[in-house]
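Enquirer:
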Amino acid sequence: MVVMKSSVVTVSPKFQVVIPLAVRESTGIAPGQKMMVVNLGGVIRLLPIKPPAAYRGIARGMDTSLPVEPDRL
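So for the sequence shown, the numbering used here puts the first residue at 1; every next one is plus one.
Structure representation (structure tokens):
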């Protein structure tokens, strides 16, 4: 279950915002971390960019027993 909490932030004259402490702590955002900014129909999302090593093993346990079609080799 995802628990959503809301916080109000103010955009500075330099168009900067501060990510609230509770959000930083719960998501593990660190100083200097790169974020991707996505505009989804007027909704702005900040997505943390993870290092490639963070994706190691994400396919572990994946079912690879699918039949191979001869024309796809």
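Note that the Cβ used here is the ideal one computed from N, Cα and C, for glycine as well.
Values in this document were obtained by computation on a predicted structure and should not be read as measured data.
Quick check on the DSSP output: the beta strand (DSSP E) that includes valine 37 runs from which residue to which?
Expert: Per DSSP, valine 37 belongs to the beta strand (DSSP E) from 35-40.
Enquirer: Looking only at its chain, what residues have a beta carbon closer than 7 Å to the beta carbon of isoleucine 49, apart from the 5 residues adjacent to it on each side?
Expert: For isoleucine 49, where only same-chain residues beyond five positions count, the Cβ hits under 7 Å are Lys34, Met35 and Met36.
Enquirer: Using the Cα positions of threonine 10 and valine 18, report the straight-line distance between them to the nearest angstrom.
Expert: The alpha-carbon atoms of threonine 10 and valine 18 are separated by roughly 8 Å.
Enquirer: Please report how far the alpha carbon of glycine 28 lies from the alpha carbon of arginine 72, in whole angstroms.
Expert: Distance between the alpha carbons of glycine 28 and arginine 72 is about 42 Å.
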